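Working notes, beginning with the structure itself.
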Amino acid sequence: MDTTTLRVLPCGDTALLVEAAGLDDVLALHAALDADRPAGVVDLVPAARTLLLRFDPGRTDAAAVERAVREAKPVAVARSDGELLEIPVVYDGPDLADVAHHTGLSERDVIAEHTGHDWTVAFGGFAPGFGYLTGGSPRLEVPRRAESRTRVPTGSVALAGTFSGVYPRSSPGGWQLIGHTDLVTWDVDRDPPALLRPGVRVRFVAVEPGQPADLRTARTAGGDA
199 MDTTTLRVLP CGDTALLVEA AGLDDVLALH AALDADRPAG VVDLVPAART
249 LLLRFDPGRT DAAAVERAVR EAKPVAVARS DGELLEIPVV YDGPDLADVA
299 HHTGLSERDV IAEHTGHDWT VAFGGFAPGF GYLTGGSPRL EVPRRAESRT
349 RVPTGSVALA GTFSGVYPRS SPGGWQLIGH TDLVTWDVDR DPPALLRPGV
399 RVRFVAVEPG QPADLRTART AGGDA
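Throughout, this note's numbering is defined as the position within the sequence shown, counted from one, plus 198.
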């Protein structure tokens, strides 16, 4: 990535927004700046095509932060290096049949594709604790629903475009719902509150509704499990 061509925009007096060509460039720049954080930068917030840098104006200024961005040395991020989180899913979503129709797969094959690849949390957004997961099967690319729901239940596992996600709380939403998990992905009394943080790898595991609770508890591992 040529950092000299990045578009850098002011966001008020205490932040800069960097526009990149795509998600891979955002993740590479985020990794470089997070590993060697510029003085005074207090937060890095990646999104699909942008990276927001919040800074303390008492310690630095916009010009110095932009200079640090231009001088960064981004490298491609190996998405297989992050913490692994296994999420148990009951694949009973109301849109599972529609996803099968969109993709030309059977419902069984949709489940196999969703569980057969490790996903990575690329960035958060939409709601506290909601992570946009990438890197799954390209066969599962589907459009959002033509009409959004006014209420999506907590724990719904969904697809939209090339992303997968888990709704941390009941909310409106337009993604295709293929299942649900009992895992609490957002808890303000937990440190950190969000399980689905940028860089965390996710492996979905199909479980049956009557499966014992101890087999339906997510687990983490430092590497492949």
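In this text, a Cβ means the ideal position worked out from N, Cα and C, and glycines have one as well. The model shown is predicted, which means the values in this text are computed figures rather than measured ones.
Round the Cβ separation of Thr379 and Val287 to the nearest angstrom and send it over; I've been treating them as touching at under 8 Å.
5 Å
Among Asp290, Arg252, Ser369, Ala230, which residue has its Cα nearest to the Cα of Pro272?
Ala230
Residue nearest to Leu250 in terms of C-alpha spacing, selected from His299, Phe321, Trp373:
Phe321
Beta-carbon proximity of Thr301 to Arg342, cut-off 8 Å
no
Would you decide whether Ala219 is buried or exposed? Buried here means 16 or more other CB atoms lie within 10 Å of its CB.
exposed
Under 8 Å: do the region 378 to 397 and the region 342 to 353 share three or more Cβ pairs, one atom per stretch?
yes
On the DSSP bridge list, what partners appear for Ser362?
Leu331, Leu357
Are the beta-carbon atoms belonging to Gly226 and Gly323 less than 8 Å from one another?
It should be pointed out that residue 226 corresponds to Ala in this sequence rather than to Gly. No, they are not a contact pair.
Run of the beta strand (DSSP E) containing Asp241, from where it starts to where it stops
239 to 244
Based on DSSP bridge pairs, tell me the residues matched to Ser346.
Answer is none; Ser346 lacks a bridge partner.
Check whether the Cβ atoms of Gly371 and Arg347 lie closer than 8 Å to each other.
yes
Taking only the alpha-carbon atoms, compute the straight-line gap between Trp373 and Leu357 and give it to the nearest angstrom.
6 Å
Is the Cβ-Cβ distance between Asp297 and Val340 less than 8 Å?
The identity of residue 297 in the sequence shown is Val, whereas the question assumes Asp. Their beta carbons are under 8 Å apart, which means Val297 touches Val340 by this criterion.
Please state whether DSSP places Arg337 in a helix, a strand or coil.
helix
Where does the unbroken beta strand (DSSP E) through Arg399 begin, and where does it stop?
399 to 404
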